[in-house]
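J.:
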Amino acid sequence: MDFNLTEEQRAIKKAAREFSEKELTPELAVEFDQREEFPFELYKKAAKLGFTSMRFPEKYGGQGYGVLEDCLVTEEMCRVDPGLGVAVMLGTLMFPDGLLMFGTEEQKQRYIPPLCTGEKICAAAFSEPAHGSDITRMDTTAKKHGAEWILSGNKEFITNAPVADFFCVLCQTDTEVSPSHKGESLFAVEKGTPGLEVTKLQGKMGIKPCVTGSLALSDAAIPEANLIGELNKGFYYALDLFNGTRIAVAAEAVGMAQGAFERALRYSKERKQFGSPIIQFQGVSFKLAEMAIKIETARLITYKAAWLYDQGKMDPMTTAMAKAYASKVAMDVTDQAIQIHGGYGYLAEYHVERFHRCAKITEIYEGTTEIQKLTISRYLLKRILA
Amino acid sequence: MDIIVCVKHVPETAEADVAIAEDGKSIKTTELVYDINEWDDYAAEEAVLLRDKLGGSVTAITVGSEEADSTLRKCLARGADRAIRLTDEAFEGSDSYVTAKILSKVIKNLPFDLILTGAQASDDGCAQVGVVLAELLGIPHATMVKKLEPKDGIVKVNQELEGGLEEIMELKLPAMLAIQTGINEPRYISIMGIRKAMKKELKVLGLKDIGLTEEEVGESGSWIIVEKMFVPSVEKEAEILTGGVDEIATKITETLKTRGLI
Chain X
8 MDFNLTEEQR
18 AIKKAAREFS
28 EKELTPELAV
38 EFDQREEFPF
48 ELYKKAAKLG
58 FTSMRFPEKY
68 GGQGYGVLED
78 CLVTEEMCRV
88 DPGLGVAVML
98 GTLMFPDGLL
108 MFGTEEQKQR
118 YIPPLCTGEK
128 ICAAAFSEPA
138 HGSDITRMDT
148 TAKKHGAEWI
158 LSGNKEFITN
168 APVADFFCVL
178 CQTDTEVSPS
188 HKGESLFAVE
198 KGTPGLEVTK
208 LQGKMGIKPC
218 VTGSLALSDA
228 AIPEANLIGE
238 LNKGFYYALD
248 LFNGTRIAVA
258 AEAVGMAQGA
268 FERALRYSKE
278 RKQFGSPIIQ
288 FQGVSFKLAE
298 MAIKIETARL
308 ITYKAAWLYD
318 QGKMDPMTTA
328 MAKAYASKVA
338 MDVTDQAIQI
348 HGGYGYLAEY
358 HVERFHRCAK
368 ITEIYEGTTE
378 IQKLTISRYL
388 LKRILA
Chain W
37 MDIIVCVKHV
47 PETAEADVAI
57 AEDGKSIKTT
67 ELVYDINEWD
77 DYAAEEAVLL
87 RDKLGGSVTA
97 ITVGSEEADS
107 TLRKCLARGA
117 DRAIRLTDEA
127 FEGSDSYVTA
137 KILSKVIKNL
147 PFDLILTGAQ
157 ASDDGCAQVG
167 VVLAELLGIP
177 HATMVKKLEP
187 KDGIVKVNQE
197 LEGGLEEIME
207 LKLPAMLAIQ
217 TGINEPRYIS
227 IMGIRKAMKK
237 ELKVLGLKDI
247 GLTEEEVGES
257 GSWIIVEKMF
267 VPSVEKEAEI
277 LTGGVDEIAT
287 KITETLKTRG
297 LI
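Those protein sequences? They're chains X and W, same order as listed.
In case it helps, the numbering used here puts the first sequence at residues 8 to 393.
In case it helps, the numbering used here puts the second sequence at residues 37 to 298.
Encoded structure:
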């Protein structure tokens, strides 16, 4: 057993840290947090250096690494700023992964390279107004008409929707089948498709530079060839995809916690009360110790989930544990970081309140904590029965 | 143009709490994070820029332990073609003179037109290795180089002097230049660069490979021995100026003038 990162992984972590510290400045972070806009320039810069295409094969312009290396970069970016970090790292969210697992060679060649270079952005449209965590039935339908698929329905809470060039959309292709999840399929849809309308969601609590929106599809026609993988397998594909993205969310959470922790640690050494730096008081130093324990354990389980994934031994239970635990840690640690800052922590100027606002999403998206617990408990039950 | 760039793996001390080690002659390094010396990063970038413009090769060299590989890999990721690490237990305690001697033994057998070093290292701040190295190799050198332009067997350099002055001179190649920060803007290390760096050659050489004896290196070969290292005591002497704005401004100007600062 070896807990050390390889020399190459350490170099990746360091490169990501140097880039993040210089580019994801507090000024930029505050500006984009207020503007709620996607940081195109930063995204392109990061893409040119390879940070946004870590887990895609070199053949398609990616870096040929795994989920673990992707997590290292995500963690470093979110450590410096959660909002900008998430926005940059989610520009290539899920769609390329879906194509790599289930798509045709033509689809991979068409869509993955421009995503790797940062020219394009993608989105995964699964959630619907009436179906968030429950993707066992889709109200959005796709009906075959000649050599085309006709898509109709609404998608809600779609990351990158307002800026995405490519979407993978989960639709009901068989409305008769029971159970309904056996009649879902995944499609590639491009921006500008007639009948596709995108609306931006405003007023999110955190990760504001990572823009969110909704899709309205009204008889949007796409070529037959845009079906990803096999017909009526979409539900299973979505579950497979979530197993990868959930690890990435755990890495986001670890990074956010680490960033807030470091700010609190620095502040506790500088801030004096009753004649001593506040870290000298056990009430504060024990808080910091607990934060450090939580972050380290969250990081370890996240790396383990990523490692298992890269070894081809993906374990949904470990993944769910990593996501549920790391996101809880991010909430706790960012909360305590504010507490250590006292009144100053409540001000935007001291940044930790932004970390806390951003951390909340990690308990919600890509499967809420409750969904993770459902997964864990189901596996536990299976093990008991077996 | 074949360029050799000498780099050093140093602790990052800017934001760290630095403490004196048990031996009283060094600093505690256990909690410190190491990276390439800042000045060397500019030297490595300059070497790669020159190579890209003029062709040739860049070789990064360091004297250090295995941990220094990350600094060499960084140079390789930046674009250097190959790297050499000089490692031997006997090298421990070497001063700038011995370090330069070790480097010179390897460099004299390599083809080169230019040697670049950082103007100084952020840990000991000696700023000596490059200059001694040039002397040992019998080649001209310039320090605090802010701009350089090689052409037809010579290199034209801008050297930084005190008080914002610059001196322009020409050196015959091969030459050694100690690079000042700000000469360029070191690029970010890319993931593509790291991927390539892991496949490039990193040679490790020891005492036996360079033709020096144990007595000639380490403390026994050194001319400078560190006796003691300590944190200077903080002086508590301050003069509080009083009066109107004009009065205070005049007093400040006078003080600065009498101290020769303006």
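Ideal Cβ positions, reconstructed from N, Cα and C, are used throughout, including at glycine.
Keep in mind it's a predicted model, so treat the numbers as computed, not measured.
Among residues of its own chain, excluding the 5 on either side of His138/X, which ones have a beta-carbon nearer than 8 Å to its beta-carbon?
T.: The residues are Arg144, Met145 and Asp146.
J.: By Cβ distance, which residues of its chain are closer than 8 Å to Gly189/W, with the 5 residues on each side in sequence left out?
T.: Once the five neighbours on either side are set aside, the close Cβ partners of Gly189/W are Lys208 and Leu209.
J.: Pick out whichever of Asp131/W, Thr65/W, Glu250/W and Gly242/W has its Cα sitting closest to the Cα of Gly166/W.
T.: Per the Cα distances, Asp131/W.
J.: Buried or exposed: which applies to Phe478/X, given that a residue is buried once 16 or more other Cβ atoms fall within 10 Å of its Cβ?
T.: Given a span of 8 to 393 for chain X in the structure shown, any question on residue 478/X remains unanswerable.
J.: In terms of residue numbering, what span does the beta strand (DSSP E) encompassing Gln195/W cover?
T.: Here the beta strand (DSSP E) through Gln195/W covers Ile190 to Glu196.
J.: Leaving out five residues before and five after Leu75/X in sequence, what residues of the same chain have Cβ atoms less than 6 Å from its Cβ?
T.: Excluding residues within five positions, the ones whose Cβ falls inside 6 Å are Ala313, Trp314 and Asp317.
J.: Over the uninterrupted beta strand (DSSP E) stretch that includes Ile142/X, give me the two end residues.
T.: Looking at the DSSP string, Ile142/X is not in any beta strand (DSSP E), and its letter there is neither H nor E.
J.: If we count the other Cβ atoms within 10 Å of its Cβ and call it buried at 16 or more, is Pro89/X buried or exposed?
T.: Per the 10 Å Cβ criterion, buried.
J.: Name the one or two DSSP bridge partners that Pro207/X has.
T.: Note on residue identity: the sequence assigns Lys, not Pro, to residue 207/X. Answer is Gly220/X, bridged to Lys207/X.
J.: With a threshold of 8 Å between beta-carbons, can Phe26/X be considered close to chain W, or not?
T.: Chain W contact via Cβ: present.
J.: Considering Ser166/W, what are the terminal residues of the alpha helix (DSSP H) in which it resides?
T.: A small correction: the amino acid at residue 166/W is Gly; Ser does not occupy that position in the sequence shown. Where Gly166/W is concerned, the enclosing alpha helix (DSSP H) stretches over Val165 to Leu173.
J.: Give me, in chain order, the residues of the same chain whose beta-carbon lies closer than 6 Å to that of Arg114/W; leave out the 5 immediate sequence neighbours on both sides.
T.: Hits under 6 Å: Ala80 and Val84.
J.: Using a cut-off of 7 Å between C-beta atoms, extract the partners of Ile72/W located in chain X.
T.: Within 7 Å Cβ-Cβ: nothing; Ile72/W doesn't reach chain X, min ~10 Å.
J.: Applying the criterion that 16 or more other CB atoms from any shown protein chain within 10 Å of the CB defines a buried residue, is Met84/X buried or exposed?
T.: Burial call: buried.
J.: Would you check if there are 3 or more beta carbon pairs closer than 8 Å linking the region 189 to 208 of chain W to the region 85 to 96 of chain W?
T.: The region 189 to 208 of chain W is not in contact with the region 85 to 96 of chain W.
J.: With distances taken from CA atoms, which of Met212/X, Arg390/X, Met101/X and Asn239/X is nearest Ser185/X?
T.: Among Met212/X, Arg390/X, Met101/X and Asn239/X, the Cα nearest to that of Ser185/X is on Asn239/X.
J.: What does the alpha-carbon distance come out to for the pair Thr153/W and Phe26/X?
T.: When rounded, the distance between both Cα atoms is 24 Å.
J.: Kindly list, in the order they appear in chain W, the residues whose Cβ is closer than 7 Å to that of Arg394/X.
T.: With chain X represented from 8 up to 393, any question about residue 394/X goes unanswered, as that position is not in the structure.
J.: Go to Asn161/X, then tell me how far its beta strand (DSSP E) extends in each direction, as first and last residue.
T.: First-last of the beta strand (DSSP E) with Asn161/X: Glu155 to Thr166.
J.: Would you check if the region 41 to 52 of chain X and the region 204 to 223 of chain X touch, i.e. whether three or more CB-CB distances between them fall below 8 Å?
T.: The region 204 to 223 of chain X, when compared against the region 41 to 52 of chain X, does touch it at the 8 Å Cβ threshold.
J.: Please name the residue in Glu221/W, Gly280/W and Val54/W whose C-alpha comes closest to that of Lys29/X.
T.: Of the candidates Glu221/W, Gly280/W and Val54/W, the one whose C-alpha sits nearest the C-alpha of Lys29/X is Glu221/W.
J.: DSSP beta-bridge partners for His152/X?
T.: Partner(s): Glu155/X.
J.: Which residues in chain W have a C-beta closer than 9 Å to the C-beta of Gly405/X? List them in chain order.
T.: Any question about residue 405/X goes unanswered here, given that chain X covers just 8 to 393.
J.: Is His348/X helix, strand or coil when you go by DSSP?
T.: DSSP places His348/X in helix when its eight states are reduced to three.
J.: Below 9 Å on C-beta distance, what does Glu14/X contact in chain W?
T.: Asp105, Ser106, Arg109 and Met234, listed in chain order.
J.: Closer than 9 Å by beta-carbon distance: list the chain X residues that pair up with Ala113/W, in chain order.
T.: Those are Ala18 and Ala22, listed as they occur along chain X.
J.: For a contact meaning CB atoms closer than 8 Å, what does Gln70/X contact in chain W?
T.: Going along chain W in sequence order, the residues near Gln70/X (Cβ under 8 Å) are Ile227, Met228 and Arg231.
J.: Report the three-state DSSP secondary structure of Met205/W (helix, strand or coil).
T.: Note: Met205/W maps to strand in three-state DSSP.
J.: Compare the beta carbon distance of Ile128/X and Asn161/X with 8 Å and say whether it is the shorter of the two.
T.: Not closer than 8 Å, so no.
J.: For Thr135/W, count neighbouring C-beta atoms within 10 Å of its own C-beta (all shown protein chains included) and say buried if the count is 16 or more, exposed if not.
T.: Flag for Thr135/W reads buried.
J.: Which residues mark the beginning and the end of the alpha helix (DSSP H) in which Gly110/X is found?
T.: First-last for Gly110/X: undefined, no H or E at that position.
J.: Is the separation between the beta-carbon of Gly241/X and that of Ser275/X shorter than 8 Å?
T.: No.
J.: Could you tell me how far apart the beta carbons of Ile165/X and Leu248/X are, in whole angstroms, since I believe they sit closer than 8 Å?
T.: Going by Cβ atoms, the distance from Ile165/X to Leu248/X rounds to 14 Å, so no, they are not a contact pair.
J.: So which of Thr13/X, Val95/X and Cys123/X has the shortest CA-CA distance to Glu65/X?
T.: It is Cys123/X.
J.: Provide the residue span of the beta strand (DSSP E) that contains Phe174/X, from first to last.
T.: Its beta strand (DSSP E) spans residues Phe173 to Gln179.
J.: Measure the C-alpha to C-alpha separation of Glu112/X and Asp322/X and round it to an integer number of angstroms.
T.: Rounded to whole angstroms, Glu112/X to Asp322/X spans 27 Å at the Cα level.
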